[in-house]
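Visitor:
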Amino acid sequence: GARLIEADLTRADLTGASLVDADLRNAKFINADLRKANLTGARLSGTDFRNAELTGATWVDGKRVGVFWSSSFGAGSSHLAQDVEAIVRGQRAAMGDNDFPFYTVAIWPRPDVRAGTAIDGLFVTFIRPDAERLAINRLLAHEMYHNWLSHRIAVEQDGATNARFQWLHEGVNEYLSRRMLRDNGMMSEEELVELSNRDFSDIANNPYAANTLEELETTSRARQWTNIHAKLSYARGSAIASAPTSSIIR
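Position in the sequence shown (from 1) plus 13 gives the number in the working numbering.
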């Protein structure tokens, strides 16, 4: 629970340190040794990990990528650093963009949540520690693609709510992440098709399937937005993104 906001811990040796629930916002860990440090629940926004020694740290085309995960993942964590590196390489190659001086990935266990949040140079994911490898990689790939969709590439409109472009920033993002996994041998063609079919099924079965973007925005402004509305936007965006690809293949 320590508060280290904007602290300068350059070159600090924090090997094995317990920083559970610590507030590390904007702290500097440049060249610090953080191997095996426990950062469970730590608040990390704006934290600078350049050149720090991290659990599972790797280099991608000369750029440092650090990976944190909880011991709760047990033996299943042996592939995490390898998979993160493959996803980083695949996405940066697909986007032709390797302009990331440093990058940090944190993977934390939450038995009842599958979610993530991304900021510039960092994203955090939450997933069940017993989740299958593909489920973890799908979440990692989705959150990592936010480096571009909604960060470096974003559509904005005066007066519009986030609901108006969620189909793009989340739904298209989801499809791109799936395609990247498929193209890099981390997802089979059959799995990609199954997920695309599930999008159309989710749209058909969603109680708000007939809502227009304007109606969804009205719902958002009235603060009546629910996870069911969000799922519709995700599925719509992914289905829209898959349609041109299907047409080209045919």
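Yeah, the Cβ is synthetic: ideal placement off N, Cα and C, and Gly gets one too.
Which whole-angstrom value describes the C-beta separation of T138 and L147, a residue pair presumed to lie in contact below a C-beta threshold of 8 Å?
Guide: That belief does not hold up - the Cβ atoms of T138 and L147 are roughly 14 Å apart, past 8 Å.
Visitor: Quick one, which of G129, D96, W180, G87 has its alpha-carbon nearest D143's?
Guide: Minimum Cα distance to D143 is reached at G87.
Visitor: Quick one: Cα of D96 to Cα of S90, how far?
Guide: Rounded to the nearest angstrom, the two C-alpha atoms are 10 Å apart.
Visitor: Judging by CA-CA distance, which residue of M157, L208, A217 is the nearest neighbour of E98?
Guide: Selected option, being the one with the closest Cα: M157.
Visitor: Put V101 into one of helix, strand or coil per three-state DSSP.
Guide: V101: helix per DSSP, three-state reduction.
Visitor: Classify I241: buried if its beta carbon has 16 or more other beta carbons within 10 angstroms, exposed otherwise.
Guide: Answer is exposed; the Cβ neighbour count stays below 16.
Visitor: Could you please give me the residues that DSSP links to W72 through a beta bridge?
Guide: In the DSSP output, where bridge partners are listed per residue, W72 has R77.
Visitor: Using a 10 Å radius around the Cβ and a threshold of 16 neighbouring Cβ atoms, would you call I130 buried or exposed?
Guide: At residue 130 the sequence reads Thr, which differs from the Ile that was named. Exposed is the call here.
Visitor: Would you call the CB atoms of R191 and I216 closer than 8 Å?
Guide: Contact flag unset, no.
Visitor: Going by beta-carbon coordinates alone, are V73 and V118 separated by less than 8 Å?
Guide: Going by C-beta atoms, V73 is not nearer than 8 Å to V118.
Visitor: Return yes when the Cβ of V185 is within less than 8 Å of the Cβ of L208, no when it is not.
Guide: For L208 and V185, no; Cβs fall outside 8 Å.
Visitor: Name the one or two DSSP bridge partners that T117 has.
Guide: DSSP, once it has assigned bridges, lists G79, L135 as partnering T117.
Visitor: Let me know if Q104 comes out buried or exposed under the rule of 16 or more other beta-carbons within 10 Å of its beta-carbon.
Guide: The residue is buried, with at least 16 neighbouring Cβ atoms inside 10 Å.
Visitor: Taking the straight line between their C-alpha atoms, what separation do you get for L189 and A40?
Guide: Answer to the nearest angstrom: the Cα atoms are 33 Å apart.
Visitor: Taking one C-beta from the region 221-238 and one from the region 192-212 each time, how about it: are there three or more such pairs within less than 8 Å?
Guide: No, they do not touch.
Visitor: Could you have a look at T232 and say whether DSSP puts it in helix, strand or coil?
Guide: If DSSP states are grouped into helix, strand and coil, T232 belongs with the helices.
Visitor: So, helix, strand or coil for G87, using DSSP?
Guide: In this structure, G87 counts as helix in the three-state DSSP scheme.
Visitor: Going straight from the alpha carbon of I261 to that of A254, what length do you get?
Guide: With a pLDDT of only 47 at I261, under 50, the local geometry of the prediction cannot be trusted, and no value is derived from it.
Visitor: Kindly indicate which residue of A235, A154, E187 has the alpha-carbon position closest to the one of S251.
Guide: Of the listed residues, the one whose Cα sits closest to S251 is E187.
Visitor: List the endpoints of the continuous alpha helix (DSSP H) containing S201.
Guide: Note, S201: premise wrong, no alpha helix (DSSP H); not H, not E.
Visitor: Within a Cβ cutoff of 7 Å, which residues of the same chain sit near E183, ignoring the five residues on either side of it in sequence?
Guide: So the qualifying residues of the chain are S246, Y247, G250.
Visitor: On a CA-only basis, which of E228, R211, S214, M199 is nearest E145? Give me that one, please.
Guide: Of the candidates E228, R211, S214, M199, the one whose C-alpha sits nearest the C-alpha of E145 is M199.
Visitor: Compute the beta-carbon to beta-carbon distance between L229 and A167, rounded to the nearest angstrom, for a pair I have assumed lies under 8 Å.
Guide: 18 Å between Cβ atoms; not a contact.
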